[in-house]
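Novice: For reference, the structure I am asking about is given below.
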Amino acid sequence: MRQLVYISSMRRQAAVDPAAILAQSRRNNARARVTGLLFFDGKRFLQALEGDDAQVDATFARIQQDERHHALVVLSNREVETREFGEWAMAFNVPGDGDADMLERVAKLTANADPAVRATFEGFAKVRRAA
Ligand SMILES: Cc1cc2nc3c(=O)[nH]c(=O)nc-3n(C[C@H](O)[C@H](O)[C@H](O)COP(=O)(O)O)c2cc1C
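Numbering (my numbering), first residue to last: 308 to 438.
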């Protein structure tokens, strides 16, 4: 099973509606048995995708071409034994979405993740809270 984590920036001119991205993602991911976590801080996206190699590859190929974001960098792309982010079709967090318990949510969602991957998500949540 593959786990891919990337970070990207929202394209400034793009009319980004996180709810629309999420609805689209959940629909497609449920079909492809792709799961993961998507963070949006108003400027950047941090996303983990997990599933069968071919399904993650196909999903990521579409995401990479999406003009709503740019400067996409893959942070980690590895084989995992089991899903480390749970069974969410795509768990989601934005600022204001209960910032106070954001770190706790991230800790829960990444509880089983590789320490390096978990640190990336925790760092993202902390930076946002401080900002
Ligand atoms: C930050 C970001 C994350 C996305 N995540 C997913 C995802 O997890 N799964 C997915 O199918 N599409 C995702 N998309 C949307 C894809 O880029 C693409 O628009 C969509 O898969 C096309 O599917 P459709 O032809 O069914 O509308 C994401 C887009 C952005 C900008």
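Beta carbons: idealized from backbone N, C-alpha and C, even for Gly.
(1) Would Val341 pass as a contact of Leu356 if the rule is Cβ separation under 8 Å?
(2) Mind checking Arg390: buried by the 16 CB within 10 Å criterion, or exposed?
(3) Which two residues bound the contiguous beta strand (DSSP E) that contains Arg351?
(4) With a cut-off of 8 Å on the beta carbons, I'd call Asp364 and Met308 a contact; round off their distance for me.
(5) Starting from Arg390, trace the beta strand (DSSP E) in both directions and tell me its first and last residue.
(6) For the beta strand (DSSP E) that Val380 lies in, which residues bound it at each end?
(7) When we look at the beta-carbon of Ser315 and count the other beta-carbons within 10 Å, is it buried (16 or more) or exposed?
(8) If you draw a straight line from the alpha carbon of Gln331 to that of Gln362, how long is it in whole angstroms?
(9) Please determine whether the Cβ atom of Arg369 lies at a distance below 7 Å from any heavy atom of ligand 1.
(10) Can you tell me which of Ala426, Val387, Val323, Glu411 puts its alpha carbon nearest to the alpha carbon of Leu259?
(11) How about Arg318 and His377: are their beta carbons less than 8 Å apart?
(12) How far does the beta strand (DSSP E) with Arg309 in it extend, from its first residue to its last?
Specialist: In terms of the structure at hand:
(1) Counted from its first residue, the sequence shown places residue 341 at position 34. Counted from its first residue, the sequence shown places residue 356 at position 49. Val341 places its beta carbon less than 8 Å from that of Leu356.
(2) The residue you call residue 390 lines up with position 83 of the sequence shown. Buried, since its Cβ has 16 or more Cβ neighbours within 10 Å.
(3) As a working note, residue 351 is residue 44 in the sequence shown. Residues 351 to 358.
(4) As a working mapping, residue 364 is identified with position 57 in the sequence shown. As a working mapping, residue 308 is identified with position 1 in the sequence shown. Actually they are not in contact, since the Cβ atoms of Asp364 and Met308 sit about 12 Å apart, beyond 8 Å.
(5) For this step, residue 390 is matched to residue 83 along the sequence shown. Per DSSP, Arg390 belongs to no beta strand (DSSP E) and is neither H nor E.
(6) Locating residue 380 in the sequence shown gives position 73, where the first residue counts as 1. Here the beta strand (DSSP E) through Val380 covers 376 to 386.
(7) In the sequence shown, counting from the first residue as 1, residue 315 sits at position 8. Buried, since its Cβ has 16 or more Cβ neighbours within 10 Å.
(8) Against the sequence shown, residue 331 aligns to sequence position 24. Against the sequence shown, residue 362 aligns to sequence position 55. In this structure, the straight-line span from the alpha carbon of Gln331 to that of Gln362 is close to 15 Å.
(9) For the purposes of this step, residue 369 is taken as the residue at position 62 of the sequence shown. Result yes, Cβ under 7 Å from ligand 1.
(10) No answer is possible for residue 259: the residues shown for the chain start at 308 and end at 438.
(11) On the sequence shown, residue 318 is found 11 positions in, with the first residue counted as 1. On the sequence shown, residue 377 is found 70 positions in, with the first residue counted as 1. Yes, Cβ-Cβ distance for Arg318 and His377 is below 8 Å.
(12) Counted from its first residue, the sequence shown places residue 309 at position 2. Residue range 309 to 317 is occupied by the beta strand (DSSP E) that includes Arg309.
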